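Take a look at the structure below.
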Amino acid sequence: MKTLAAFEVAALSRSLELCPDPVALYAALSDGGRAPDTLLLESADQSNQSGDKSLVMSRAALRLTGRLTQKNERQVTIASLSANGRNLLGPLIERLGHDADVLRQSEREATVAYPPPPSGDEETRMRAPSVLDAVRAAVLSLKVVGGDAPLPPLCAGSIAYDLLDLYEALPAPKSDPLDWPDFELWLAEELVWIQHKTRRAVALRFVFGGAEAQAAYHDATRGLSALIGTVRAVGTGTDR
88 MKTLAAFEVA
98 ALSRSLELCP
108 DPVALYAALS
118 DGGRAPDTLL
128 LESADQSNQS
138 GDKSLVMSRA
148 ALRLTGRLTQ
158 KNERQVTIAS
168 LSANGRNLLG
178 PLIERLGHDA
188 DVLRQSEREA
198 TVAYPPPPSG
208 DEETRMRAPS
218 VLDAVRAAVL
228 SLKVVGGDAP
238 LPPLCAGSIA
248 YDLLDLYEAL
258 PAPKSDPLDW
268 PDFELWLAEE
278 LVWIQHKTRR
288 AVALRFVFGG
298 AEAQAAYHDA
308 TRGLSALIGT
318 VRAVGTGTDR
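Position one of the sequence shown corresponds to residue 88 (the numbering used here), numbered consecutively onward.
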């Protein structure tokens, strides 16, 4: 593998003529749903409610968590979840530091802060620096090299309704006993993309450029082989 510079991405993938049950595959890859930092996304054909595509994320490189502090300051904590994620964390925080304050930074985690949304019209608020800049940078800074990827690098997760106050003035939030963040998103490292209509599945691993890219690449090749084995086992029913 050639050296990958910061923000460069190598995509390793295999297309399989299988259409595993997405819930069963997610269970097999996430210890029955108990593994953290994993997710299953589904889409359907609204005309007949049949499955269209499913996306299983079995490993993540980064976790991005956005919160509103008591000082009305927006913070994003970015945690690296693998050596692959550590390759990306340092360059990403350096880039975010142009518009955000870096409050804490270590090899595995960093927190950046953005000012409260400005007053004014919607366009002014939309153009102001915000926590979503961290999400955009985590994805849009990346460049796949060495060939096209079946899917581009992506962030997925959940966003709370309260994040709308970046663009519209909302009443002050009430206390939240669950302490739920404004958003929790993951930058995917390992994915399975199931295409129900064509009865195919694509197993995919991303390798991010950086000091540990060579080790991450070897880990990805081993991981992709294991991932393919699990997809085949679930798709053919031999996992039972």
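For each residue, glycine too, the CB sits at the ideal point set by N, CA and C.
This one's a predicted model, so the numbers in the text were calculated from it and none came from an experiment.
In the three-state reduction of the DSSP assignment, Thr285 falls in the coil class, being assigned neither a helical nor a strand state. Using a C-beta cut-off of 8 Å, the stretch 299–307 makes contact with the stretch 167–176, since at least three inter-stretch Cβ pairs fall below that distance.
Taking 8 Å as the cut-off, the Cβ atoms of Ala307 and Arg286 do not count as close. Cβ-Cβ distances below 7 Å link Gly233 to Ala97 in the same chain, with the five nearest sequence neighbours on each side left out; the list follows chain order. Within 10 angstroms of the beta-carbon of Asp220 lie 16 or more other beta-carbons, which makes it buried. Runs of alpha helix (DSSP H) with 4 or more residues, each lying fully within the stretch 160–190, are found at 170–183, listed in chain order.
Taking 8 Å as the cut-off, the beta carbon of Leu149 is found closer than this to the beta carbon of Leu274. The three-state reading of DSSP puts Ala197 in strand, counting E and B together.
Just so you know, the alpha carbons of Pro203 and Leu241 end up roughly 27 Å apart. For Gly322, there is no enclosing beta strand (DSSP E); the residue is found in the alpha helix (DSSP H) stretching over Ala300 to Thr323.
For a cut-off of 8 Å, the C-beta gap from Gly310 to Glu277 is around 6 Å, short enough to register as a contact. DSSP places Ala111 in the uninterrupted alpha helix (DSSP H) bounded by Pro109 to Leu116. Distance check between Leu91 and each of Thr325, Ala303 and Val218 places Ala303 closest, using alpha-carbon atoms only. Using a C-beta cut-off of 8 Å, the stretch 194–202 makes no contact with the stretch 242–252, since fewer than three inter-stretch Cβ pairs fall below that distance. Inter-residue distance for Ile180 and Val231 is about 20 Å (C-alpha atoms, whole angstroms).
Separation of Ser167 and Ser228 (C-alpha to C-alpha, rounded to the nearest whole angstrom) is 17 Å.
As computed with DSSP, Glu129 is found in a beta bridge with Ser141.
In the three-state DSSP reduction, Val226 falls in the helix class (H, G or I). The beta carbon of Ala111 sits closer than 6 Å to those of Val321, all from its chain and outside the five residues before and after it, given in chain order.
DSSP places Glu104 in the coil class of the three-state scheme, outside both helix and strand.
Each of Leu253, Gln282, Gly324 and Gly316 was checked against the Cα of Arg161, and the nearest Cα belongs to Leu253. Closest by C-alpha distance to Ala313, out of Leu116, Cys106 and Asp186, is Leu116. Where Ser245 is concerned, the enclosing beta strand (DSSP E) starts and stops at Cys242 to Ile246. Under the three-state reduction of DSSP, Ala221 is assigned to helix.
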